[in-house]
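This report refers to the structure that appears directly beneath it.
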Ligand SMILES: [Zn+2]
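In UniProt numbering, the protein residues as written are 1 to 482.
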């Protein structure tokens, strides 16, 4: 690639001391992209961690030739749902932690932050305990966002206070979507406790009154098909909730993380909140970058596959999101991966609120951003690494263990071949979903090797991992440091 830079003494470490040291594994001759931009460097790995980053290393016991490849920190997907039961659609998703993390690692994701939902009446410890049990078959490292949905449980604020000392960096709340949403008074109480303890509050931001009203009006007038979905949950509802949470968070002194912003109006509202002094992070999602709301005009059962929360938006919103990725306004890129089959999405027409929201995306997200973002000149390689690895690690208290290629960090490394062609085919993807929204689409520039904790877990699309090797990640106290 034309922008390969030569390693210099100041940009690498240890090239004197390393000359005669042999490592368990080396990744050599690649273009390493991590904090500070691309350099030509070799990486030495011992005991699952990065032991050296130097201009030239002796080949290790295992030696990976990365000539012509881009070497990046393993991606962190900070927003996934494995083994989730949708109370709204009364059905269970098909990817558990085994299938979900298998898909992730094959696509260059080495860490996932999954949502641990509090059930009504349940305490948070029980929710975390259940999620830990489910996650035991994970292939890669994982952490949780605990979704707080019921503040009537005795001592729930005390439980939230104790999360930080138990290694949790974040909680999640909903401004909309019964039965998950919290009343506004409870949102404020949660934000205050989060401010006291340093927890990041992930917020699903849609104004519930507006979405509920528009949805009811649509259903009552017989406009229940998916063609009317986007207008029932408009971008202005996102902006309104962002605006409100921005004010609440500022009043409480809390840090907030707006999950999957979908619209220009939503991003603008988040930026206004930032300028006014709210500590606010912004996430977006591949679906909003690669698809628009014209999909809801497809034949109904096909269009239902595109239902996600919030809905797909306009091409102008897509452009605004790409601009936000490029400029640095948007901090992270997450899938909200949740896998449903075509039958679950509806083989016949369903009223749009009953269609399970979301799709499988964790295996293709990193490659798609590289192919469509980096290769097509929309974002730089450095931005790609910030969005997929550095920023989520910093925000959620995992940096510098994760999110960088540096001595002492976990050896989570992905090799991307800028020339590799990849055609999406749901029958070869690891997800148990039996369809993919990008079926048949070809991308150029794709992950070819994934190293997790110093082990090659995927190579040329082949799985080299076994379930259960993933570890639960304790967040450090340095969260929210972007
Ligand atoms: Zn989600």
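Glycine included, each C-beta is placed from N, C-alpha and C at the ideal position.
Source: prediction; values computed, not measured.
Residue burial is scored here from C-beta neighbours: residue 283 has at least 16 other C-beta atoms within 10 angstroms and is therefore classed as buried.
Taken atom to atom, the span from the alpha-carbon of residue 235 to that of residue 65 is near 47 Å. When the five nearest sequence neighbours on each side are left out, the beta carbons in the same chain lying within less than 6 Å of the beta carbon of residue 309 are those of 357, in order along the chain.
Taking a C-beta distance under 8 Å as the contact criterion, residue 459 and residue 449 qualify as a contact pair. Between ligand 1 and the CB of residue 308, the shortest heavy atom gap is not smaller than 7 Å. With a 10 Å radius around the Cβ and a threshold of 16 neighbouring Cβ atoms, residue 285 comes out buried.
In chain order, 225, 226 and 349 place their CB closer than 7 Å to the CB of residue 300, counting only its own chain and leaving out the 5 sequence neighbours on each side.
Using a Cβ distance threshold of 8 Å, residue 35 and residue 332 do not count as a contacting pair. By the Cβ neighbour-count rule, residue 131 is buried, with 16 or more other Cβ atoms within 10 Å of its own. Burial check for residue 385: the Cβ neighbour count within 10 Å reaches 16 or more, so the residue is buried.
Within the segment 41-128, the complete beta strand (DSSP E) runs of at least 3 residues fall at 49-54, 62-65, 70-73, 75-80 and 109-117. Spatial neighbours of residue 366 in its own chain (CB-CB distance under 7 Å, excluding positions within 5 residues in sequence) are listed in chain order as 75, 107, 108, 109, 388 and 447. Relative to ligand 1, the beta carbon of residue 336 is positioned inside 7 Å of a heavy atom. Within the chosen limit of 7 Å, ligand 1 does not reach the beta carbon of residue 211 with any heavy atom. Not one heavy atom of ligand 1 is found less than 7 Å from the C-beta of residue 228.
A contact is defined here as three or more CB-CB pairs under 8 Å, and the segment 169-183 meets this definition with respect to the segment 133-149. Remark: the shortest separation between the CB of residue 323 and any heavy atom of ligand 1 does not fall under 7 Å. Between residue 38 and residue 412, the gap from beta carbon to beta carbon reaches 8 Å or more. For residue 229, the enclosing alpha helix (DSSP H) stretches over residues 229-232. Residue burial is scored here from C-beta neighbours: residue 152 has fewer than 16 other C-beta atoms within 10 angstroms and is therefore classed as exposed. Short of 7 Å from the beta carbon of residue 362, and not among the five residues preceding or following it, lie these beta carbons of its own chain, in chain order: 77, 80, 100, 103, 104, 107, 109, 335 and 337. DSSP assignment within the segment 257-285 yields the following whole beta strand (DSSP E) runs of 3 residues or more, N-terminal first: 279-284.
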